[in-house]
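**Student:** To start, I am sharing the structure in question, which I have written as structure tokens.
2 protein chains.
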Amino acid sequence: MYKAPVEEIAFTLKHVAGLGSALDNGRLGNLTDDLVDAILSEAGRFATEEVAPLAEIGDRQGARFVDGAVKMPDGWPALYKAWAEGGWNSLTAAPDFGGQGLPHMLHVAALEMWNSGSMAFAIGPTLTIGAIEALTTHGSEHLKTTYLPRMVSGEWMGSMNLTEPHAGSDLGVMKTRAERRDDGTYRLFGQKIFITYGEHDFTDNIVHLVLARLPDAPAGTRGISLFLVPKFLVNADGSLGPRNDAHCHSIEHKLGIHGSPTCTMIYGDGRFGDEPGAIGWLVGEENRGLACMFTMMNNARLAVGMQGVAIAEAATQKAIGYAKERTQGKAPGWQGSGMSPIIEHPDVVRMLLTMKVLTQGARAITYACAHAVDMAHGEDARHWADRASLLTPIAKSFATDAGVDVASLGVQVHGGMGFIEETGAARLYRDARIAPIYEGTNGIQAIDLVTRKLPLSDGGHVRGFIAELRDIAAKARAANAPELGETGDRLEAGVADLEAATEWLLSTLADGKQAEALAGATPYQRLFGLVLTGAYLAKGALADGGDGRSGERAALCRFAAENIIGETAALRDRVTSGAASLAAARAVLG
Amino acid sequence: MYKAPVEEIAFTLKHVAGLGSALDNGRLGNLTDDLVDAILSEAGRFATEEVAPLAEIGDRQGARFVDGAVKMPDGWPALYKAWAEGGWNSLTAAPDFGGQGLPHMLHVAALEMWNSGSMAFAIGPTLTIGAIEALTTHGSEHLKTTYLPRMVSGEWMGSMNLTEPHAGSDLGVMKTRAERRDDGTYRLFGQKIFITYGEHDFTDNIVHLVLARLPDAPAGTRGISLFLVPKFLVNADGSLGPRNDAHCHSIEHKLGIHGSPTCTMIYGDGRFGDEPGAIGWLVGEENRGLACMFTMMNNARLAVGMQGVAIAEAATQKAIGYAKERTQGKAPGWQGSGMSPIIEHPDVVRMLLTMKVLTQGARAITYACAHAVDMAHGEDARHWADRASLLTPIAKSFATDAGVDVASLGVQVHGGMGFIEETGAARLYRDARIAPIYEGTNGIQAIDLVTRKLPLSDGGHVRGFIAELRDIAAKARAANAPELGETGDRLEAGVADLEAATEWLLSTLADGKQAEALAGATPYQRLFGLVLTGAYLAKGALADGGDGRSGERAALCRFAAENIIGETAALRDRVTSGAASLAAARAVLG
Numbered sequence: 001m002y003k004a005p006v007e008e009i010a011f012t013l014k015h016v017a018g019l020g021s022a023l024d025n026g027r028l029g030n031l032t033d034d035l036v037d038a039i040l041s042e043a044g045r046f047a048t049e050e051v052a053p054l055a056e057i058g059d060r061q062g063a064r065f066v067d068g069a070v071k072m073p074d075g076w077p078a079l080y081k082a083w084a085e086g087g088w089n090s091l092t093a094a095p096d097f098g099g100q101g102l103p104h105m106l107h108v109a110a111l112e113m114w115n116s117g118s119m120a121f122a123i124g125p126t127l128t129i130g131a132i133e134a135l136t137t138h139g140s141e142h143l144k145t146t147y148l149p150r151m152v153s154g155e156w157m158g159s160m161n162l163t164e165p166h167a168g169s170d171l172g173v174m175k176t177r178a179e180r181r182d183d184g185t186y187r188l189f190g191q192k193i194f195i196t197y198g199e200h201d202f203t204d205n206i207v208h209l210v211l212a213r214l215p216d217a218p219a220g221t222r223g224i225s226l227f228l229v230p231k232f233l234v235n236a237d238g239s240l241g242p243r244n245d246a247h248c249h250s251i252e253h254k255l256g257i258h259g260s261p262t263c264t265m266i267y268g269d270g271r272f273g274d275e276p277g278a279i280g281w282l283v284g285e286e287n288r289g290l291a292c293m294f295t296m297m298n299n300a301r302l303a304v305g306m307q308g309v310a311i312a313e314a315a316t317q318k319a320i321g322y323a324k325e326r327t328q329g330k331a332p333g334w335q336g337s338g339m340s341p342i343i344e345h346p347d348v349v350r351m352l353l354t355m356k357v358l359t360q361g362a363r364a365i366t367y368a369c370a371h372a373v374d375m376a377h378g379e380d381a382r383h384w385a386d387r388a389s390l391l392t393p394i395a396k397s398f399a400t401d402a403g404v405d406v407a408s409l410g411v412q413v414h415g416g417m418g419f420i421e422e423t424g425a426a427r428l429y430r431d432a433r434i435a436p437i438y439e440g441t442n443g444i445q446a447i448d449l450v451t452r453k454l455p456l457s458d459g460g461h462v463r464g465f466i467a468e469l470r471d472i473a474a475k476a477r478a479a480n481a482p483e484l485g486e487t488g489d490r491l492e493a494g495v496a497d498l499e500a501a502t503e504w505l506l507s508t509l510a511d512g513k514q515a516e517a518l519a520g521a522t523p524y525q526r527l528f529g530l531v532l533t534g535a536y537l538a539k540g541a542l543a544d545g546g547d548g549r550s551g552e553r554a555a556l557c558r559f560a561a562e563n564i565i566g567e568t569a570a571l572r573d574r575v576t577s578g579a580a581s582l583a584a585a586r587a588v589l590g
Numbered sequence: 001m002y003k004a005p006v007e008e009i010a011f012t013l014k015h016v017a018g019l020g021s022a023l024d025n026g027r028l029g030n031l032t033d034d035l036v037d038a039i040l041s042e043a044g045r046f047a048t049e050e051v052a053p054l055a056e057i058g059d060r061q062g063a064r065f066v067d068g069a070v071k072m073p074d075g076w077p078a079l080y081k082a083w084a085e086g087g088w089n090s091l092t093a094a095p096d097f098g099g100q101g102l103p104h105m106l107h108v109a110a111l112e113m114w115n116s117g118s119m120a121f122a123i124g125p126t127l128t129i130g131a132i133e134a135l136t137t138h139g140s141e142h143l144k145t146t147y148l149p150r151m152v153s154g155e156w157m158g159s160m161n162l163t164e165p166h167a168g169s170d171l172g173v174m175k176t177r178a179e180r181r182d183d184g185t186y187r188l189f190g191q192k193i194f195i196t197y198g199e200h201d202f203t204d205n206i207v208h209l210v211l212a213r214l215p216d217a218p219a220g221t222r223g224i225s226l227f228l229v230p231k232f233l234v235n236a237d238g239s240l241g242p243r244n245d246a247h248c249h250s251i252e253h254k255l256g257i258h259g260s261p262t263c264t265m266i267y268g269d270g271r272f273g274d275e276p277g278a279i280g281w282l283v284g285e286e287n288r289g290l291a292c293m294f295t296m297m298n299n300a301r302l303a304v305g306m307q308g309v310a311i312a313e314a315a316t317q318k319a320i321g322y323a324k325e326r327t328q329g330k331a332p333g334w335q336g337s338g339m340s341p342i343i344e345h346p347d348v349v350r351m352l353l354t355m356k357v358l359t360q361g362a363r364a365i366t367y368a369c370a371h372a373v374d375m376a377h378g379e380d381a382r383h384w385a386d387r388a389s390l391l392t393p394i395a396k397s398f399a400t401d402a403g404v405d406v407a408s409l410g411v412q413v414h415g416g417m418g419f420i421e422e423t424g425a426a427r428l429y430r431d432a433r434i435a436p437i438y439e440g441t442n443g444i445q446a447i448d449l450v451t452r453k454l455p456l457s458d459g460g461h462v463r464g465f466i467a468e469l470r471d472i473a474a475k476a477r478a479a480n481a482p483e484l485g486e487t488g489d490r491l492e493a494g495v496a497d498l499e500a501a502t503e504w505l506l507s508t509l510a511d512g513k514q515a516e517a518l519a520g521a522t523p524y525q526r527l528f529g530l531v532l533t534g535a536y537l538a539k540g541a542l543a544d545g546g547d548g549r550s551g552e553r554a555a556l557c558r559f560a561a562e563n564i565i566g567e568t569a570a571l572r573d574r575v576t577s578g579a580a581s582l583a584a585a586r587a588v589l590g
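Top line first, the protein sequences correspond to chains A and B.
Take the first sequence: its letter number 26 is residue 26 in the UniProt record's numbering, and every next letter is one higher.
Take the second sequence: its letter number 184 is residue 184 in the UniProt record's numbering, and every next letter is one higher.
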């Protein structure tokens with residue numbers, strides 16, 4: 001069973017991601033080190049003791065669609081209530097509406113733990129927090145006072161309605177339409193698919209944020225507006241009024257996250273209300289809906305990245321536990337009587353260490369991204385905003401790929417038992433698979449990274465970041481510590497590969513050769529993530545957490561340097577010379 | 001829907017794996033090129049039209065355990081009957097017992113297609129064929145005449161009973177016991193788990209081959225004997241007699257291959273018969289059971305490799321089909337109106353080509369292994385037996401890893417739809433995951449490759465094979481064909497990496513440093529598979545299949561050389577220098 005790795009999380013936040021110096025420099029108000037520890041510890045307890053035990057029943061029962069409503073798994077409504085009452089929904093929300101205004105770093109750490117407990121459970125509240133963020137930034141005073149306090153308290157949940165059957169990655173072609181009414185409201189008509197937690201029995205009301213198009217809107221993404229559409233209308237006194245003309249038509253039968261209802265939502269077909277049309281209120285300005293969504297898109301992507309970290313951590317813990325219990329064969333050098341625990345076999349050690357490295361690398365990258373988000377509100381705001389922008393696609397893609405890879409290794413470590421559902425390793429393998437897809441596929445992240453993030457500050461930002469990474473490599477070399485093995489050399493080689501690929505992409509983009517640059521976008525994204533993994537593990541190994549675990553951190557860092565990040569040379573090659581062969585082979589696909 | 005790639009399969013068999021020259025040299029009796037084509041074509045038709053349409057219901061319903069019996073999915077018993085009546089069960093069986101005595105190459109090609117149609121269906125007959133092989137080689141005349149004709153015809157199926165709760169990879173510790181009886185029979189007592197097709201309603205009788213230990217047997221694997229234990233005893237006139245004391249206790253709830261019943265089998269608990277004890281007959285000699293199993297173990301491993309190829313092919317076809325239909329966004333250079341098919345986006349092209357390369361590489365390696373099996377019965381028997389031995393672990397591991405990786409990419413190409421079970425991509429992702437585990441985990445394959453296969457002929461065999469690969473690389477360079485890009489250089493570099501890693505392993509083993517060699521076993525196995533992929537794609541590209549597709553083969557070969565096999569340098573490093581860091585980091589795991 002999962003046990004939240006609170007100490008490892010705290011160490012990574014403070015000594016790798018930057019929370020320590022942010023606290024020291026007074027960048028986080030009156031937040032103290034002790035308070036950080038207390039919050040992490042309690043979030044970890046909740047994830048370990050309350051969420052994780054209900055993961056299996058959530059997977060087995062799944063969300064059930066009965067008579068037009070969604071019945072959540074046994075025990076989940078009470079779990080949600082306990083979670084909201086614990087104040088976890090309000091961690092980062094604005095104090096004006098009942099929030100605690102804590103930094104994003106604490107939020108992502110807590111997110112990681114809840115998702116390790118149950119990804120299907122944690123995704124719902126995550127989306128509500130995103131809706132709170134969008135409303136806080138773009139909502140009118142009326143909308144904010146009516147909805148935010150009850151969303152921040154968790155009394156009501158939110159949902160995000162973007163996707164339509166023909167509009168997934170490309171939202172510009174969406175068809176859901178909104179008509180203006182004289183009273184300032186709108187009527188919405190259309191169908192949305194893949195709406196996570198679009199319907200459930202956790203809360204009395206659900207606040208849908210819906211993207212739709214006005215009749216006179218420009219074509220494409222500049223003609224999309226954002227609307228708030230509650231499941232139940234809210235009376236002036238705050239009590240619930242009549243049902244709005246919005247309902248869940250069906251839920252999907254999915255590979256994983258069975259407890260999370262994935263809804264097809266119908267707006268305005270006349271099932272409820274006097275006349276057809278779901279009543280909605282504009283959020284932000286007309287035709288500026290996508291800009292409103294962009295406010296929260298980056299954070300949503302990082303939140304999905306946390307799911308990757310979460311699954312990887314849960315899978316690693318489970319695999320290590322099994323490998324210590326299960327005996328089979330005699331490992332080389334085994335002196336004990338009988339069979340050795342399989343954790344003594346070198347190949348199993350390799351799998352488990354690979355899982356550890358990918359998990360810890362993904363954690364460090366995502367936390368560093370959250371740190372940049374937090375820092376983007378003070379001095380050097382531009383620098384940190386750029387850093388957050390640059391890190392977001394890497395954090396999302398690297399962490400979610402790690403989730404899939406680590407969960408798959410986790411099944412493998414379990415052998416035949418891994419294929420049996422009751423073991424639980426298979427659930428992680430199934431749950432993990434959606435994370436590289438939703439909130440922008442990892443291919444979309446790579447396009448974003450190469451075409452929008454590398455050019456930030458004319459390439460100056462990414463070059464500065466690479467210089468920081470080179471500095472870490474130099475420090476690892478200068479440490480001259482035997483336990484770091486070849487870390488300095490290997491990391492310097494990785495940074496050089498990253499730099500060469502980056503410069504090639506920047507000049508290729510400058511030459512207007514978009515297709516050539518995009519051909520290497522995914523290998524580049526992977527290359528960046530691997531180098532960051534090596535660098536952040538080295539940074540952690542060079543820091544003293546005061547917990548006597550420096551030796552272990554150095555050993556894991558060395559393993560990563562000598563066994564995991566060596567692919568950077570091949571990835572660099574794919575970026576700088578792979579485009580021609582890719583274009584030439586396109587015809588093979590017919 | 002899957003369509004058997006009969007032409008690609010025939011090309012690979014004939015021009016890459018060696019079927020063409022074997023036919024030319026008269027090594028395959030009176031088998032003709034036309035007969036090969038006819039068999040492949042009909043096997044492909046059966047897989048496409050009969051098997052594949054029943055895959056989805058098999059997954060959804062699964063095998064069901066009702067009142068102590070297993071009810072197979074709707075339509076499956078009739079499918080099995082049609083399959084057996086088509087003579088597919090008897091392809092490679094000995095003519096003495098009704099078999100067709102065809103080469104193994106045709107068998108694996110047919111296996112690939114049936115597994116692409118439905119892996120859960122194809123695994124059952126595969127195991128029967130393995131049981132036929134074991135009985136043919138080691139069974140007494142009485143057992144052969146009693147059982148083989150009806151197993152070859154498909155009237156009865158077989159099952160293989162090895163695993164026990166504490167004896168998976170390490171069979172030496174199994175506890176199932178066999179007692180001698182005066183009439184020459186034995187009574188078996190024990191429990192076996194993970195028994196594929198241990199119980200079902202396809203056939204009236206099931207012939208279980210069971211490993212067990214005699215009371216006076218030596219400890220470990222030298223004390224294991226093999227027994228034939230029929231579900232129903234067979235009367236002297238061949239009619240079915242009373243039920244034997246063997247039954248299925250339960251079936252597993254698995255991640256994938258839901259249609260395949262995975263049984264816990266109980267032998268000798270007294271449920272059936274006059275006295276407790278399942279009646280069994282010895283196959284081969286007492287305490288030589290594992291040797292009997294080894295006869296077929298290699299072929300079973302290759303058969304599992306075929307499942308990897310099969311899933312990869314099915315996933316690739318499905319993904320290409322979807323990528324041509326689904327439109328989203330505008331790819332760079334897209335001139336059409338509206339959105340482009342996603343197959344025009346470079347990142348999607350990269351995923352699909354990667355899938356193609358891994359599928360085709362895995363196919364070529366497995367077919368080459370089957371070719372070696374076929375050649376091991378004539379002149380140069382020793383050479384080809386060594387080749388089959390060497391290739392088996394690579395074929396099993398590389399192909400099954402490819403199955404998982406390609407199925408995962410297939411889900412990714414489908415985006416959100418990939419996560420919805422009805423799409424079918426998720427089923428392939430689930431089914432694929434068992435193949436790297438059963439019939440010896442891929443980690444076990446790597447141990448076998450390094451410790452038992454590399455030392456064949458004092459390393460002479462592997463060195464000779466590497467020389468052949470270098471020759472292919474030299475030919476690719478000498479072809480001097482622009483469409484092959486850097487294939488010659490890249491492949492030569494890959495072969496050099498393979499050679500360096502091989503020599504390091506051989507000398508490390510010679511020095512008695514077993515643990516150090518094993519630390520790099522899995523990276524080495526992967527390295528070997530990647531180099532073989534590059535070499536076999538080049539061999540295919542340099543051959544003229546007379547089908548006007550040479551250009552496509554060259555383009556795919558170039559893509560593989562410039563985008564897929566570049567990891568060999570990093571893998572070589574892991575083999576030759578990774579052991580120390582692995583050992584140092586073992587402590588991190590607690």
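C-beta atoms are modelled at their ideal positions from N, C-alpha and C, and glycine is treated no differently.
Remember, it's a predicted structure, so these values are computed and weren't measured experimentally.
Can you pull out the residues from the region 79 to 106 of chain B whose beta carbon lies closer than 9 Å to at least one beta carbon of chain A?
**Tutor:** none
**Student:** Residues in the region 431 to 460 of chain B with C-beta within 9 Å of chain A's C-beta atoms, listed in sequence order?
**Tutor:** R433, I434, P436, I437, Y438, T441, N442, G443, I444, A446, I447
**Student:** Take the Cβ of A/V66 as the centre, count every other Cβ of all protein chains shown within 10 Å, and call the residue buried at 16 or more, exposed below.
**Tutor:** The residue you call residue 66 of chain A lines up with position 66 of the first sequence. A/V66 should be labelled exposed.
**Student:** With DSSP as the reference, label B/Y438 as helix, strand or coil.
**Tutor:** Locating residue 438 of chain B in the second sequence gives position 438, counting from the first residue. When DSSP states are grouped into helix, strand and coil, B/Y438 belongs to the coil group.
**Student:** Let me know the beta strand (DSSP E) ranges lying completely inside the region 104 to 166 of chain B, each 3 residues or longer, listed in chain order.
**Tutor:** If we require 3 residues or more, the beta strand (DSSP E) runs fully inside the region 104 to 166 of chain B come out as 157 to 161.
**Student:** Going along chain B, which residues have a C-beta under 9 Å from A/L589?
**Tutor:** Position 589 of the first sequence, counted from the first residue, corresponds to residue 589 of chain A. In chain order: I320, A323, K324, I343, V349, L352, L353, K356.
**Student:** Expressed to the nearest angstrom, what Euclidean distance is found between the alpha-carbon atoms of B/A570 and B/G220?
**Tutor:** Indexing the second sequence from 1 puts residue 570 of chain B at position 570. Indexing the second sequence from 1 puts residue 220 of chain B at position 220. Spanning the two alpha carbons is a distance of roughly 38 Å.
**Student:** Check whether chain A comes within 8 Å of B/H15, counting only Cβ atoms and requiring the distance to be less than that.
**Tutor:** Residue mapping note: residue 15 of chain B aligns to position 15 of the second sequence, counting from 1. Answer no: the Cβ-Cβ gap between B/H15 and chain A never drops below 8 Å.
**Student:** Excluding the five sequence neighbours on either side, which residues of its own chain have a C-beta within less than 7 Å of the C-beta of B/Y438, listed in chain order?
**Tutor:** As a working note, residue 438 of chain B is residue 438 in the second sequence. Taken in chain order, the residues that qualify are V304.
**Student:** I need the straight-line Cα distance from A/E421 to A/P5, nearest angstrom please.
**Tutor:** One-based indexing of the first sequence puts residue 421 of chain A at position 421. One-based indexing of the first sequence puts residue 5 of chain A at position 5. Each residue's Cα considered, the two are about 25 Å apart.
**Student:** Can you have a look at B/S457 and say buried or exposed, based on whether 16 or more other CB atoms are within 10 angstroms of its CB?
**Tutor:** On the second sequence, residue 457 of chain B is found 457 positions in, with the first residue counted as 1. With a 10 Å radius around the Cβ and a threshold of 16 neighbouring Cβ atoms, B/S457 comes out exposed.
**Student:** Could you spell out where the beta strand (DSSP E) holding A/V283 opens and where it closes?
**Tutor:** Against the first sequence, residue 283 of chain A aligns to sequence position 283. Run containing A/V283: 278 to 283, per the beta strand (DSSP E) assignment.
**Student:** Quick check on B/F272: does DSSP put it in helix, strand or coil?
**Tutor:** Taking the second sequence and counting its residues from 1, one reaches residue 272 of chain B at position 272. Here B/F272 sits in coil by DSSP.
**Student:** Which value, in whole angstroms, describes the spacing of the CA atoms of B/C292 and B/I224?
**Tutor:** As a position in the second sequence, residue 292 of chain B is number 292, starting the count at 1. As a position in the second sequence, residue 224 of chain B is number 224, starting the count at 1. The alpha-carbon of B/C292 is positioned some 10 Å away from that of B/I224.
**Student:** Residues of chain B with CB closer than 8 Å to the CB of A/V411, please, in chain order.
**Tutor:** For the purposes of this step, residue 411 of chain A is taken as residue 411 along the first sequence, with counting starting at 1. Near A/V411 (Cβ distances below 8 Å), the residues of chain B are L255, R433, I437.
**Student:** Determine the chain A residues that contact B/M157 at a beta-carbon separation under 9 Å, and present them in chain order.
**Tutor:** Counting from one through the second sequence, the residue named residue 157 of chain B turns up at place 157. Near B/M157 there are no residues of chain A at all, since even the closest Cβ is about 21 Å away, more than 9 Å.
**Student:** For A/E313, which residues in chain B fall below 9 Å Cβ to Cβ?
**Tutor:** Start at 1 with the first residue of the first sequence, and residue 313 of chain A comes out as number 313. Simply none; closest approach about 14 Å.
**Student:** Which first and last residues belong to the beta strand (DSSP E) in which B/P242 is found?
**Tutor:** For the purposes of this step, residue 242 of chain B is taken as residue 242 along the second sequence, with counting starting at 1. It spans 240 to 243 - the beta strand (DSSP E) in which B/P242 sits, taken as one unbroken run.
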